[in-house]
Structures are given as C-alpha cells and as structure tokens.
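Participant: Let me begin by handing over the structure; questions about it come next.
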C-alpha cells in the first residue's frame, strides 16, 4: 500500500497533523472494541462494537470508520446487522481523525469501509488506488451523480449544507449573505469551524475560493478583521452559539442546527442568497478490506430505502435523488455555489494552512 500521507495530496495533511495526537489515545487496532455511547456528540472519536439480536446466522464482521452523527451510524449498523447477521466494529470520529487513524495503521490496515464528511478526501483515496470499485452496488444509479463516482469507488449516501447558524434569542434579523458577517453589526460575535479539524469547513472554504478565486480571500480576511473566531471542529464552534456566548456560526453544518432546534435549542439557519457549498458524505470500500463481500453488503444497505430513511430522520440530505427529507430544506431549496471539486481537492492543504495562519 502507498503511504497514506500521500492519499490526500494537497488536501489532508493539515487534517492529519491536527488529529494525530488524539488518535494516539486509541491505538492502532479495533480488535478490543468496547461498547460506545449512542448519545455521544457527533465528531467525537470513539470505538464501539454494534450489533442487535437476530434470528439469522452470524454473517461474520465488518470494520467501519465513520464520520458524522454517531446516532445515525448506530441506527444504520443496527439495521444492517438485523438484516445480515454481520457484526460491525465502528470507529467514530471526524474526517481528520479517521485519516489519521488510517495513517497510523498503514502497515496493517484494519478498516473495510470508510464514511467521510468530505468528498475531496474520497476523490483522493480513489486517485491513490486505495478504493475497491463496486460498480454493481444496488440503487447506485439513484444517487446524485455529482457526489458519487461513476466507476463505483465511492458513494455519497448523504450530504449536509453549510449555512449561517444563529441563536434566535440573540438574532432577530439574521444576515442573508456571507459578506454581511464582515460588517460592524456582527463584530466579535461569529465563530467559524477550524478547517484543519472539520472536513466540511474545509469544503466550504475551498469551495468558496474555487468560485471566487483570490478575491475570496478578501472576504475571509475581512472576517478576521471583524473578530470572527476560529473555534475548533463543528460542535465546538456551535456550542457557544447554543449557550449564547456567541451569536452565529459561519459555515455551520446544517444537520446539527436542525437536530439541535428539534431538541428545543434556540437555533435556526439561513442559506446565503449568493449560494453555499453542499458537503457530500462519501462511503468507500478499501482495497485492503479483509471482508469484501460484507463490505459490499454494507454499501447495498447504505443505499437502501430503509437506510436512506434513517439518513433523512437524522436531518441530512439523502444521497438518493428519489428520496426527500420532510424535516429540513431539500437540495432543490438551497442556493448553491457551482464549486470545482477537483480544484478543491488539489488546494485543500495550502488553503487550510493559509486560513489557520490568518486566524491564529
């Protein structure tokens, strides 16, 4: 296998460096997994074995590394195990932590399937020959073709959109454009996630720059001048807005806002009128998988009607175009920037480094 440090080319070095200290706490094996907490915050690293009682014979195992909401991952695993008898060992973490764990395990790969919160990272896995194509995946023809690989190297089963998330107790008239966040009305009250920790934040920043070129840096630098704070990964950026310590998250992940709002938190979200970035969540079978047939069965389940309903119930955008959510804005309702995914993949590393230097 190639060294994983090369898989993301100019994109994931910053994510790897930021996560490697955290990964050292977990070690390099999932062989002694413990039961995880299904209520754990999305993006927090954990290792767990998930299964449910079933009358079907045991179908072996699968090792899954998954970014995103842990409750969704647990529900998908439970449904998959009930149908197949296959037990799933899961490492739950941010995209950066997953890439760092894969780097630590490069001489002895463990994962069979990875689910990332960043499309360019999956593109890089394919480019470096680390994915196993599965062109016959069930329902793959129903996926959004802009988010998934035509040859079956990765499948985006869900997506989120980045928006302006705000505290409704503090903000009566929310901003409706990205530029407004640089005005005096919002001085010192805005957070933005750290793109070295959040794959979706890096998608937003590189996506915005892919559309606006170097002029896009004018906006980001004006954010810094207006007191916008780089505040950790997605949940860390959102928490101060929930408590009222801050008013707004720029490039906030929408499913977190919808989920928190449903729990009674004083949050809402605006998608800026000039457009935003959609952040697909691709799943890929790794070429090093020791459980290929089980991995293919998992992809089939992930794209099934049942799993796509679980995706929608978790306030994410379903990856299949024939399924819509009823609890959030759907893709057709969200103004979108026409981003260049290839540019984003090639410029992620330098963008994250410059952003971090600007906001430190």
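In my numbering, the protein residues as written are -6 to 353.
We put the CB at the ideal spot given by N, CA and C, even for glycine.
#1: State yes or no: is the C-beta of residue 110 within less than 8 Å of the C-beta of residue 183?
#2: Opposite residue 223 in the DSSP bridges: which residues?
#3: So the alpha helix (DSSP H) residue 82 belongs to, where does it begin and stop?
#4: Residue 124 by DSSP, collapsed to three states: which one?
#5: Would you call residue 187 buried or exposed, if buried means 16 or more other Cβ atoms sit within 10 Å of its Cβ?
#6: By DSSP, does residue 203 sit in helix, in strand, or in coil?
#7: CB-CB under 8 Å to residue 160, same chain, minus the five flanking residues each way: which ones, in chain order?
#8: Would the C-beta of residue 262 count as close to the ligand SAH, meaning under 7 Å from any of its heavy atoms?
#9: So, is residue 353 buried or exposed, given that buried needs 16 or more other C-beta atoms within 10 angstroms?
#10: For residue 27, which residues from the same chain have a beta carbon less than 6 Å from its beta carbon, with the 5 sequence-adjacent residues on both sides left out?
#11: I need the boundaries of the alpha helix (DSSP H) containing residue 341, first residue and last residue.
#12: Note down, one range per segment and in chain order, each alpha helix (DSSP H) of at least 4 residues found wholly within the stretch 257 to 316.
#13: With H, G and I counted as helix, E and B as strand and the rest as coil, what does DSSP make of residue 106?
#14: Which value, in whole angstroms, describes the spacing of the CA atoms of residue 153 and residue 78?
#15: Which partner residues does residue 53 have in the DSSP bridge list?
#16: In this structure, how does DSSP classify residue 193 when only helix, strand and coil are distinguished?
#17: Distance, Cα to Cα, residue 311 vs residue 189?
#18: Hey, could you find the ends of the beta strand (DSSP E) residue 155 is sitting in?
#19: What number of angstroms, rounded off, separates the C-alpha of residue 346 from the C-alpha of residue 232?
#20: Which first and last residues belong to the alpha helix (DSSP H) in which residue 93 is found?
#21: Give the secondary structure of residue 327 by DSSP, where H, G and I count as helix, E and B as strand, and everything else as coil.
#22: Could you tell me the boundaries of the beta strand (DSSP E) in which residue 209 lies?
#23: Could you tell me if residue 335 is buried or exposed, where buried requires 16 or more neighbouring beta carbons within 10 angstroms of its beta carbon?
#24: For my contact list, residue 344 and residue 198 are in at a C-beta cut-off of 8 Å; report their separation, rounded to the angstrom.
#25: Which whole-angstrom value is the C-beta distance of residue 83 and residue 70, which I expect to be below 8 Å?
#26: Mind checking whether residue 330 and residue 268 have CB atoms under 8 Å apart?
#27: Kindly list the residues whose CB is nearer than 6 Å to the CB of residue 125, restricted to its own chain and excluding five residues on each side of it in sequence; keep chain order.
#28: Expressed to the nearest angstrom, what Euclidean distance is found between the alpha-carbon atoms of residue 115 and residue 178?
#29: By Cβ distance below 6 Å, which residues in the same chain neighbour residue 147 in space, the five residues on each side in sequence not counted?
#30: If we count the other Cβ atoms within 10 Å of its Cβ and call it buried at 16 or more, is residue 218 buried or exposed?
#31: Whole angstroms are fine: how far does the CA of residue 306 sit from the CA of residue 101?
#32: I think residue 337 touches residue 200, with their Cβ atoms under 8 Å apart; what is that distance to the nearest whole Å?
#33: Sorted by chain position, which residues of the same chain lie with C-beta nearer than 7 Å to residue 151's C-beta, five sequence neighbours on each side aside?
#34: Output needed for residue 350: all residues of its chain with C-beta closer than 7 Å, excluding positions within five of it in sequence on either side, in chain order.
#35: Please report the distance separating the alpha-carbon of residue 328 from that of residue 264.
Facilitator: On the basis of the data shown:
#1: Numbered from 1 along the chain shown, position 117 holds the residue referred to as residue 110. Numbered from 1 along the chain shown, position 190 holds the residue referred to as residue 183. No, the Cβ-Cβ distance between residue 110 and residue 183 is not below 8 Å.
#2: As a first step, residue 223 must be located in the chain shown, where it is residue number 230. Note: residue 223 sits in a beta bridge opposite 185.
#3: Here residue 82 refers to the residue found at position 89 of the chain shown. Taken as a continuous stretch (DSSP letters only), residue 82 belongs to no alpha helix (DSSP H), being part of the beta strand (DSSP E) at 80 to 85.
#4: Stepping through the chain shown from its first residue, residue 124 is reached at position 131. DSSP places residue 124 in strand when its eight states are reduced to three.
#5: The residue labelled residue 187 in the question sits at position 194 within the chain shown. Residue 187 comes out buried.
#6: Residue 203 sits at position 210 when you count from the first residue of the chain shown. The answer is helix: DSSP assigns residue 203 an H, G or I state.
#7: The residue labelled residue 160 in the question sits at position 167 within the chain shown. Exclusion of the five residues before and after residue 160 leaves 234, 235, 237, 239, 240, 241, 259 and 260 as the residues of its chain whose Cβ lies within less than 8 Å of its Cβ.
#8: Judged by which ligands are present, the structure shown has none, so any question about the ligand SAH falls away.
#9: Numbered from its first residue, the chain shown carries residue 353 at position 360. Residue 353 comes out exposed.
#10: If you number the chain shown from 1, residue 27 lands on position 34. Confidence at residue 27 is low in this model, with a pLDDT of 33, below 50, so its placement is unreliable and the value that follows should be read with caution. There are no such residues.
#11: One-based indexing of the chain shown puts residue 341 at position 348. Counting along the chain, the alpha helix (DSSP H) containing residue 341 begins and ends at 334 to 352.
#12: 285 to 295 and 298 to 306
#13: In the chain shown, residue 106 corresponds to position 113, counting from 1. Residue state, collapsed to three classes: strand.
#14: By 1-based counting over the chain shown, the position of residue 153 is 160. By 1-based counting over the chain shown, the position of residue 78 is 85. Going by the C-alpha atoms only, they are around 30 Å apart.
#15: Position 60 of the chain shown, counting from 1, holds the residue named residue 53. Looking at the DSSP assignment, residue 53 forms no beta bridge with any residue, so it has no partner.
#16: Numbered from its first residue, the chain shown carries residue 193 at position 200. Residue state, collapsed to three classes: helix.
#17: Locating residue 311 in the chain shown gives position 318, counting from the first residue. Locating residue 189 in the chain shown gives position 196, counting from the first residue. If you take the alpha carbons of residue 311 and residue 189, they lie about 26 Å apart.
#18: Along the chain shown, one-based indexing puts residue 155 at 162. Looking at the DSSP string, the run of the beta strand (DSSP E) that includes residue 155 is 148 to 160.
#19: The residue labelled residue 346 in the question sits at position 353 within the chain shown. The residue labelled residue 232 in the question sits at position 239 within the chain shown. Rounded to whole angstroms, residue 346 to residue 232 spans 25 Å at the Cα level.
#20: Residue 93 sits at position 100 when you count from the first residue of the chain shown. Looking at the DSSP string, the run of the alpha helix (DSSP H) that includes residue 93 is 88 to 97.
#21: For the purposes of this step, residue 327 is taken as the residue at position 334 of the chain shown. The answer is coil: DSSP assigns residue 327 none of H, G, I, E or B.
#22: For the purposes of this step, residue 209 is taken as the residue at position 216 of the chain shown. Premise fails: residue 209 lies in the alpha helix (DSSP H), 208 to 218, not in any beta strand (DSSP E).
#23: By one-based count along the chain shown, residue 335 stands at place 342. The residue in question, residue 335, is exposed, as its Cβ has fewer than 16 Cβ neighbours within 10 Å.
#24: The count along the chain shown starts at 1 and reaches residue 344 at position 351. The count along the chain shown starts at 1 and reaches residue 198 at position 205. The Cβ separation is near 6 Å, so the contact holds.
#25: As a working mapping, residue 83 is identified with position 90 in the chain shown. As a working mapping, residue 70 is identified with position 77 in the chain shown. That belief holds up - the Cβ atoms of residue 83 and residue 70 are roughly 6 Å apart, short of 8 Å.
#26: Position 337 of the chain shown, counted from the first residue, corresponds to residue 330. Position 275 of the chain shown, counted from the first residue, corresponds to residue 268. Cβ distance < 8 Å, so residue 330 and residue 268 count as in contact.
#27: Reading the chain shown from its first residue, position 132 is the one you call residue 125. Once the five neighbours on either side are set aside, the close Cβ partners of residue 125 are 278 and 280.
#28: Counting from 1 along the chain shown, the entry for residue 115 is found at position 122. Counting from 1 along the chain shown, the entry for residue 178 is found at position 185. In a straight line, the C-alpha of residue 115 is about 39 Å away from that of residue 178.
#29: Position 154 of the chain shown, counting from 1, holds the residue named residue 147. Counting only Cβ-Cβ distances below 6 Å, and skipping sequence neighbours, we find 115, 275 and 277.
#30: The residue labelled residue 218 in the question sits at position 225 within the chain shown. Under this definition residue 218 is an exposed residue.
#31: As a position in the chain shown, residue 101 is number 108, starting the count at 1. As a position in the chain shown, residue 306 is number 313, starting the count at 1. Cα to Cα, residue 101 sits roughly 36 Å from residue 306.
#32: Working through the chain shown from its first residue, we reach residue 337 at position 344. Working through the chain shown from its first residue, we reach residue 200 at position 207. Correct: roughly 6 Å between the Cβ atoms.
#33: Locating residue 151 in the chain shown gives position 158, where the first residue counts as 1. Closer than 7 Å at the Cβ level, and outside the excluded window around residue 151, lie 274, 304, 309, 310, 311 and 312.
#34: Within the chain shown, the letter at position 357 stands for residue 350. None.
#35: To locate residue 328, count along the chain shown from 1; it is residue 335. To locate residue 264, count along the chain shown from 1; it is residue 271. Whole-angstrom Cα-Cα distance: 7 Å.
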